[in-house]
């Protein structure tokens, strides 16, 4: 999305999940048929500047955007913008026009999470149902504060004070958007 439309729609939306598909112009041009990486980075920055809650998703495709070097570039860029932006690494499953690539190994997702947790507070595994990192953990003490399985919520363990949510174990502010309804 270009900056002008972002300025207009950001008044009407609370959140956006943006695909940060890779960190190379080659990927955006050859795989996506786009103009390159820079417009995506500008859009992410614009949403962030306008205080729209953003979460980023990278679908890791074997041999295309799953190298440790590329993952580190993504993590470095996101951490410089805001280490509290949630980053999801999703598992690729062969489909539609990309049947020639294998499913992403779970080990690749786990390596990406390991790299990202060095610099980011909220990192998730996507398309790996039952994985530990579907859930939200306190970035300070590691306590599980929101349990998830696929698209379902499990136990929510947060303390609410003045509309903000905190880890009940260590008191760290947990960055979430919305109202938590327990029960």
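Numbering (this note's numbering), first residue to last: 647 to 829.
Beta carbons are placed, not taken as given, at the ideal position from N, Cα and C, and that holds for glycine.
| Asked | Found |
| --- | --- |
| Residue 804 to residue 779 span [Cα, whole Å] | 17 Å |
| Option in 822, 801, 816, 800 with minimal Cα separation from residue 810 | 822 |
| Validate contact between the segment 732-742 and the segment 685-697 using beta carbons, cut 8 Å, 3 pairs | no |
| DSSP state of residue 663 mapped onto helix, strand, coil | strand |
| Residue 731 vs residue 702 beta-carbon contact at 8 Å | yes |
| Residue nearest to residue 720 in terms of C-alpha spacing, selected from 759, 795, 799 | 759 |
| Start and end residues, beta strand (DSSP E) containing residue 794 | 790-795 |
| Simplified DSSP assignment, three categories, for residue 771 | strand |
| Proximity to residue 672 [Cα-Cα], best of 710, 661, 648 | 710 |
| Whole-angstrom distance between residue 726 and residue 687, CA atom to CA atom | 12 Å |
| Cβ-Cβ separation, residue 707 to residue 747 (assumed contact under 8 Å), whole Å | 6 Å |
| Member of 776, 815, 787, 783 whose CA lies at the smallest distance from the CA of residue 797 | 776 |
| Buried or exposed by the 16-neighbour rule on C-beta atoms within 10 Å, applied to residue 681 | exposed |
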